[in-house]
Amino acid sequence: MNPANYLYLSALLFTIGAAGVLIRRNAIVVFMCVELMLNACNLAFVTFSRLHGNLDGQVIAFFTMVVAAAEVVVGLAIIVSIFRSRHSASVDDANLMKL
Amino acid sequence: MQLAAAATQTSTGEAVQFWILGTVAVLGALGTVLMKKSVHSALSLAGTMIVLAIFYLAQGAYFLGIVQIVVYTGAIMMLFLFVVMLVGITAADSLKETLKGQRWLAAACGLGFGILLIAGIGNASLDTFAGTGQANSAGNVPGLARLIFTKYVWSFEITGALLITAAIGAMVLTHRERTERRSTQRELSEARVREGVHVAPLPAPGTYARHNAVDVPALLPDGSIAEKSVFGTLRGRGQIRDVSADALERLAALEQRSEEWLERDPDRVEPVRLAQGPGGDRAGREERTERESGREHESERAEEGAK
Amino acid sequence: MENLIGLLVASPLLGAGILLTGGKRLDRVGHWLGTLLALVSFALGVALFANMLGKDADDRGLHSHLFTWVPVGGFRADVGFQLDQLSMTFVLLITGVGTLIHIYSIGYMEHDERRRRFFGYLNLFLAAMLLLVLADNYFLLYAGWEGVGLASYLLIGFWQHKPSAATAAKKAFLVNRVGDIGLSVGIMLMFTTFGSFAFADILPKAQEASTTQHATVTGIGFMLLLAACGKSAQVPLQSWLGDAMEGPTPVSALIHAATMVTAGVYLITRSGAIFNAAPDAQTAVVTVGAVTLLFGAIVGCAKDDIKKALAGSTMSQIGYMIMAAGLGPIGYVFAIMHLVTHGFFKAGLFLGAGSVMHGMNDEVDMRRYGGLRKYMPVTFVTFGLGYLAIIGFPGLSGFFSKDKIIEAAFAKGGTEGWILGCCALLGAAITAFYMTRVMIMTFFGEKRWVPDADGHEPHPHESPSSMTIPMIILAFGSVLAGGLFSINSSFVKWLEPVTGHSEGDSPVSAGTVTAGTMVALVIGVGIAWAMYARRSVPAVAPRGSLLTRAARRDLLQDDFNHVVLVRGGEHLTRSLVYLDHSLVDGVVNGTAASVGGLSGRLRKLQNGYVRSYAVSMLGGSAVLVAATLLMRAV
Numbered sequence: 001m002n003p004a005n006y007l008y009l010s011a012l013l014f015t016i017g018a019a020g021v022l023i024r025r026n027a028i029v030v031f032m033c034v035e036l037m038l039n040a041c042n043l044a045f046v047t048f049s050r051l052h053g054n055l056d057g058q059v060i061a062f063f064t065m066v067v068a069a070a071e072v073v074v075g076l077a078i079i080v081s082i083f084r085s086r087h088s089a090s091v092d093d094a095n096l097m098k099l
Numbered sequence: 001m002q003l004a005a006a007a008t009q010t011s012t013g014e015a016v017q018f019w020i021l022g023t024v025a026v027l028g029a030l031g032t033v034l035m036k037k038s039v040h041s042a043l044s045l046a047g048t049m050i051v052l053a054i055f056y057l058a059q060g061a062y063f064l065g066i067v068q069i070v071v072y073t074g075a076i077m078m079l080f081l082f083v084v085m086l087v088g089i090t091a092a093d094s095l096k097e098t099l100k101g102q103r104w105l106a107a108a109c110g111l112g113f114g115i116l117l118i119a120g121i122g123n124a125s126l127d128t129f130a131g132t133g134q135a136n137s138a139g140n141v142p143g144l145a146r147l148i149f150t151k152y153v154w155s156f157e158i159t160g161a162l163l164i165t166a167a168i169g170a171m172v173l174t175h176r177e178r179t180e181r182r183s184t185q186r187e188l189s190e191a192r193v194r195e196g197v198h199v200a201p202l203p204a205p206g207t208y209a210r211h212n213a214v215d216v217p218a219l220l221p222d223g224s225i226a227e228k229s230v231f232g233t234l235r236g237r238g239q240i241r242d243v244s245a246d247a248l249e250r251l252a253a254l255e256q257r258s259e260e261w262l263e264r265d266p267d268r269v270e271p272v273r274l275a276q277g278p279g280g281d282r283a284g285r286e287e288r289t290e291r292e293s294g295r296e297h298e299s300e301r302a303e304e305g306a307k
Numbered sequence: 001m002e003n004l005i006g007l008l009v010a011s012p013l014l015g016a017g018i019l020l021t022g023g024k025r026l027d028r029v030g031h032w033l034g035t036l037l038a039l040v041s042f043a044l045g046v047a048l049f050a051n052m053l054g055k056d057a058d059d060r061g062l063h064s065h066l067f068t069w070v071p072v073g074g075f076r077a078d079v080g081f082q083l084d085q086l087s088m089t090f091v092l093l094i095t096g097v098g099t100l101i102h103i104y105s106i107g108y109m110e111h112d113e114r115r116r117r118f119f120g121y122l123n124l125f126l127a128a129m130l131l132l133v134l135a136d137n138y139f140l141l142y143a144g145w146e147g148v149g150l151a152s153y154l155l156i157g158f159w160q161h162k163p164s165a166a167t168a169a170k171k172a173f174l175v176n177r178v179g180d181i182g183l184s185v186g187i188m189l190m191f192t193t194f195g196s197f198a199f200a201d202i203l204p205k206a207q208e209a210s211t212t213q214h215a216t217v218t219g220i221g222f223m224l225l226l227a228a229c230g231k232s233a234q235v236p237l238q239s240w241l242g243d244a245m246e247g248p249t250p251v252s253a254l255i256h257a258a259t260m261v262t263a264g265v266y267l268i269t270r271s272g273a274i275f276n277a278a279p280d281a282q283t284a285v286v287t288v289g290a291v292t293l294l295f296g297a298i299v300g301c302a303k304d305d306i307k308k309a310l311a312g313s314t315m316s317q318i319g320y321m322i323m324a325a326g327l328g329p330i331g332y333v334f335a336i337m338h339l340v341t342h343g344f345f346k347a348g349l350f351l352g353a354g355s356v357m358h359g360m361n362d363e364v365d366m367r368r369y370g371g372l373r374k375y376m377p378v379t380f381v382t383f384g385l386g387y388l389a390i391i392g393f394p395g396l397s398g399f400f401s402k403d404k405i406i407e408a409a410f411a412k413g414g415t416e417g418w419i420l421g422c423c424a425l426l427g428a429a430i431t432a433f434y435m436t437r438v439m440i441m442t443f444f445g446e447k448r449w450v451p452d453a454d455g456h457e458p459h460p461h462e463s464p465s466s467m468t469i470p471m472i473i474l475a476f477g478s479v480l481a482g483g484l485f486s487i488n489s490s491f492v493k494w495l496e497p498v499t500g501h502s503e504g505d506s507p508v509s510a511g512t513v514t515a516g517t518m519v520a521l522v523i524g525v526g527i528a529w530a531m532y533a534r535r536s537v538p539a540v541a542p543r544g545s546l547l548t549r550a551a552r553r554d555l556l557q558d559d560f561n562h563v564v565l566v567r568g569g570e571h572l573t574r575s576l577v578y579l580d581h582s583l584v585d586g587v588v589n590g591t592a593a594s595v596g597g598l599s600g601r602l603r604k605l606q607n608g609y610v611r612s613y614a615v616s617m618l619g620g621s622a623v624l625v626a627a628t629l630l631m632r633a634v
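Residue numbers (full-length UniProt numbering), protein chains in the order written: chain A, 1 to 99; chain B, 1 to 307; chain C, 1 to 634.
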């Protein structure tokens with residue numbers, strides 16, 4: 001097996017995550033799909049690290065994780081505060097910005 | 001794991017592992033997207049993440065694999081579950097699409113994007129790979145540490161700032177400023193007495209041992225449910241689980257068994273007035289028809305009991 | 001002496017300032033103050049004239065530079081005065097006749113409660129007219145030109161409570177404005193061509209410039225002619241003069257006989273060098289003059305309103321002057337000479353007409369006059385002398401000046417000379433006819449008086465001495481001026497250094513022309529005598545021939561203007577409005593509508609749903625990936 005298969009898997013997971021973001025309305029699930037996309041990217045980075053034979057890809061993946069953690073913290077806080085004020089976790093309900 | 005400087009094939013074991021766990025990962029991802037309840041989505045995602053952790057380990061990224069399990073599956077996913085609980089697990093997400101054409105567009109874009117990505121990867125010349133053996137020769141963690149604290153130290157510092165900012169941001173977002181003084185317990189009780197509606201504490205939920213969950217209301221002596229014993233929010237959502245019918249049925253059965261055992265005349269003694277619960281329980285109704293004859297007698301007693 | 005020139009203008013200007021801003025406390029002395037300042041101006045003029053006579057003929061010009069008015073880079077407009085023989089002639093005419101009319105107005109406007117204001121306007125008019133003739137550059141001349149227009153507007157519309165007067169004032173102002181545009185364009189052309197406004201810079205170079213920039217010089221000539229047409233009521237801008245008779249009679253006498261209408265003649269004579277260098281423009285000038293002299297004469301024949309008949313006469317006489325000025329050096333002197341004599345007798349005629357109206361309850365219809373000679377002897381005699389002068393009775397002013405113009409017309413030479421000469425002779429005959437008609441209908445025949453609108457029977461009486469004295473003085477001028485000017489050709493010698501003069505070679509001798517003029521005179525008087533003295537004048541005008549009816553309507557000038565200019569303008573504006581609505585607005589609104597419609601559709605993309613935005617993002621990413629791959633593939 002060629003390690004490129006990991007990349008195909010990564011692309012597949014990324015696409016599934018993206019489709020989830022587009023389809024789901026529950027903000028938490030949307031957020032999970034975003035995490036899925038980030039993880040797919042991480043898999044790609046790790047695979048690239050292996051392909052190139054150095055650790056830079058892993059370092060990038062590490063940073064991605066840290067950023068993802070920060071993102072999750074802020075995002076979930078936003079979801080909670082939106083839920084508090086509107087009693088809904090649906091992204092379609094937060095549409096006051098439209099024209 | 002692999003010591004070859006440049007190889008074209010991985011081991012058969014890894015291939016087997018990839019195909020099995022890869023399938024699991026894709027299934028988990030699909031589950032995340034397609035599961036109706038967000039708890040299930042979260043669990044599916046956790047599964048995918050664990051699989052990914054294994055893949056990291058398999059590709060020589062030992063540190064990342066462990067961090068993936070500890071941080072992602074452990075911390076982040078727990079955070080997700082916590083928020084899911086906070087928001088309400090039963091708020092099941094309808095999968096019915098409300099935006100016109102959104103599903104078609106999403107499908108088209110997703111498919112197109114995926115096909116393009118895969119085509120791009122297929123186009124790339126990835127016949128050989130270096131493997132991480134050389135890079136991990138001094139150990140994966142020391143290698144990463146060397147990079148992080150030398151080449152990427154600036155990014156690392158900035159990431160620290162980012163984390164602090166995120167933490168403060170989350171606190172600010174979820175913090176609710178109290179605009180008025182909190183009433184003391186004394187003031188609350190005085191207000192309660194002054195209103196005179198519920199001077200005593202509200203009834204506790206779940207009178208019977210089998211159903212002492214918060215969403216199960218207590219039963220009144222006549223078998224009907226005590227609405228006030230359930231938390232107001234649950235009542236508002238209509239999430240009360242009415243178990244009175246079940247309980248009454250069991251009780252009646254027990255009663256009958258004991259009477260049979262004691263060989264008492266069932267007509268003479270009426271232990272419990274069967275209530276017309278919301279469930280309209282079948283057992284109670286049958287019992288009532290059975291005891292049609294002693295009806296007047298019963299109703300008198302039932303009135304007393306209600307008082 | 002140079003400083004006196006400024007005072008000449010300043011004196012009436014000061015009067016205007018005081019009278020118009022002084023308020024009611026000046027009501028009792030206002031007319032005396034106005035007259036005094038006009039008299040001061042006249043006295044200064046006489047002093048300067050005396051000074052000028054004491055010098056050599058070639059050294060008589062005075063120049064007085066006051067200050068630089070508009071210094072902007074290469075653009076420089078000065079306030080400076082130039083007093084030469086031409087200006088001097090005008091100064092004396094303006095201040096002399098002006099002063100007499102001031103005196104006359106004291107009596108004529110006695111019962112008008114706004115008399116002080118009237119004198120203020122008169123003074124303003126004098127100041128503007130003096131500024132016009134004394135300016136040493138076209139820029140300042142333009143200021144005087146506009147001042148004259150303003151003052152004439154104020155004076156024609158002086159009885160503004162009458163809608164006809166207000167309308168006439170507006171009409172005069174608007175028609176004059178057309179001419180003013182010509183003057184301003186001409187001045188701009190001069191500045192671009194010669195780089196200056198001063199006469200001294202422009203006129204000597206005109207001949208030289210016409211060799212290199214012939215079209216421009218001709219254009220300047222045409223523009224100046226347009227200006228002269230507006231101010232001097234020449235065809236095609238003649239329509240305002242008849243209506244301008246709505247103003248008080250002294251105004252008619254001052255503005256529309258002696259001064260304002262002569263501004264055009266002054267302009268053409270002053271710019272003679274330009275016209276000499278542009279023969280095409282000169283041809284246009286003589287054509288305009290010849291047409292107008294016949295036009296005005298024909299109109300004058302048909303009018304029953306005494307002032308309008310005189311207005312037609314004025315138009316005709318100015319036509320003579322313009323024609324003479326258009327003849328070039330052979331005509332300039334005679335144009336000015338006729339202008340001066342005309343100033344005397346026409347002012348006298350107008351004042352006489354005013355005197356008649358004064359005695360006849362402001363009646364203007366000559367068919368309701370008749371037999372007035374017994375009741376108003378002084379008016380009759382002065383008016384009669386003016387009449388004899390204007391028809392060119394031998395020995396009186398008009399005879400000398402008009403005869404010379406007819407001679408000059410023949411002297412133009414060629415077919416052109418014959419045509420012009422015959423026109424002038426015909427005009428002389430018609431002049432004799434209509435003036436005799438006016439004379440007979442007013443002073444001879446039986447009484448045809450009718451009570452006025454309020455039922456007052458007219459009681460004709462001689463006017464007060466403040467009115468008759470100016471008339472007598474003007475009558476003296478009418479009788480003597482022409483003769484004085486002609487003794488030893490003194491007027492020609494006087495003006496020659498400024499305008500230049502050449503005799504031309506007439507195909508007919510001077511004696512023949514004089515004889516022809518006499519024949520025309522006799523024919524005109526004879527026909528009028530036969531028509532109006534032998535038969536009684538009907539009190540209501542007969543229907544008359546087609547020409548008579550057209551002439552009563554000023555030869556359809558207003559109808560022409562209405563059809564061609566007003567209607568044409570309306571159609572033009574309507575089509576422009578239509579064009580604006582359909583084309584310009586269509587393009588603009590269409591653009592706006594299409595942008596609006598497009599944004600209305602694009603707006604649907606902004607539906608506020610995060611997921612829709614996410615689809616666009618993913619679609620965009622897909623496009624980017626596709627582009628990247630494509631670029632790599634290529």
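We put the beta carbon where it would ideally sit given N, CA and C, even for glycine.
In this text, all values refer to a predicted model and were calculated from it rather than measured experimentally.
{"Item": "Within the 8 Å Cβ cut-off, does ARG601 of chain C reach chain B?", "Value": "no"}
{"Item": "Considering just the uninterrupted stretch of the alpha helix (DSSP H) at ASP403 of chain C, what are its terminal residues?", "Value": "397–411"}
{"Item": "Please name the residue in A:HIS87, A:GLU71, A:ALA89 whose C-alpha comes closest to that of GLY169 of chain B.", "Value": "A:GLU71"}
{"Item": "With a threshold of 8 Å between beta-carbons, can ALA29 of chain B be considered close to chain C, or not?", "Value": "no"}
{"Item": "Would you tell me roughly how many angstroms separate the C-alpha atoms of ARG84 of chain A and ASN123 of chain B, rounded to the nearest one?", "Value": "49 Å"}
{"Item": "Taking all protein chains shown into account, decide if ALA198 of chain C is buried (16 or more other Cβ within 10 angstroms of its Cβ) or exposed.", "Value": "buried"}
{"Item": "Assuming LEU39 of chain C and MET1 of chain C form a contact by the criterion Cβ under 8 Å, report the distance between their Cβ atoms to the nearest whole angstrom.", "Value": "Between MET1 of chain C and LEU39 of chain C the Cβ distance is about 19 Å, and since that is not below 8 Å, they are no contact."}
{"Item": "Using CA coordinates, which residue listed in C:ALA278, C:LEU141, C:MET357 is at the minimum distance from MET245 of chain C?", "Value": "C:MET357"}
{"Item": "Does the Cβ of TYR578 of chain C have 16 or more other Cβ atoms within 10 Å, making it buried, or fewer, making it exposed?", "Value": "exposed"}
{"Item": "Applying a beta-carbon distance threshold of less than 7 Å, which residues of chain C neighbour ALA18 of chain A?", "Value": "LEU618"}
{"Item": "In or out: ILE20 of chain B buried (at least 16 other Cβ within 10 Å) or exposed?", "Value": "exposed"}
{"Item": "Where does PHE63 of chain A sit, in a helix, a strand or coil, going by DSSP?", "Value": "helix"}
{"Item": "Identify the residues that DSSP records as bridge partners of ASN26 of chain A: which are they?", "Value": "A:SER90"}
{"Item": "To the nearest whole angstrom, what separates the beta carbons of ASP452 of chain C and MET366 of chain C, a pair I think is in contact under 8 Å?", "Value": "Incorrect: roughly 15 Å between the Cβ atoms, too far for contact."}
{"Item": "Quick check: what's the CA-CA separation for GLN2 of chain B versus TYR6 of chain A?", "Value": "Residue placement at GLN2 of chain B is poorly supported in this model, since its pLDDT is 44, which falls under 50; the coordinates still yield a value, given next. Going from the Cα of GLN2 of chain B to the Cα of TYR6 of chain A covers about 16 Å."}
{"Item": "Which one or two residues does DSSP pair with ASP365 of chain C in a beta bridge?", "Value": "C:ASP305"}
{"Item": "Find the residues of chain A that neighbour ILE121 of chain B, judging by a C-beta separation of less than 8 Å, and give them in chain order.", "Value": "ALA4, LEU7, TYR8, ALA11"}
{"Item": "Report the rounded CA-to-CA distance for ALA130 of chain B versus ASN26 of chain A, giving the unit in angstroms.", "Value": "42 Å"}
{"Item": "Check this for me: beta carbons of ALA127 of chain C and LEU13 of chain C, under 8 Å apart or not?", "Value": "yes"}
{"Item": "Using beta-carbon positions only, say whether ILE391 of chain C and ALA297 of chain C come within less than 8 Å of one another.", "Value": "no"}
{"Item": "Is ASN3 of chain C buried or exposed, if buried means 16 or more other CB atoms sit within 10 Å of its CB?", "Value": "exposed"}
{"Item": "Can you say whether ALA16 of chain C is buried or exposed, counting buried as having 16 or more other CB atoms within 10 angstroms of its CB?", "Value": "buried"}
{"Item": "Mind pulling the chain C residues with CB within less than 9 Å of ALA135 of chain B?", "Value": "Going along chain C, no residue has its Cβ under 9 Å from ALA135 of chain B, so there is no contact; the nearest lies around 28 Å."}
{"Item": "Tell me which residues share the same chain as PRO204 of chain C and place their Cβ nearer than 8 Å to its Cβ, disregarding the 5 neighbours each side in the sequence.", "Value": "ALA273"}
{"Item": "Assign residue 643 of chain C to one of three DSSP states: helix, strand, or coil.", "Value": "Absent from the model: residue 643 of chain C. The displayed extent of chain C is 1 to 634, so no value can be given."}
{"Item": "Answer with yes or no whether the minimum CB distance from VAL595 of chain C to chain A is below 8 Å.", "Value": "no"}
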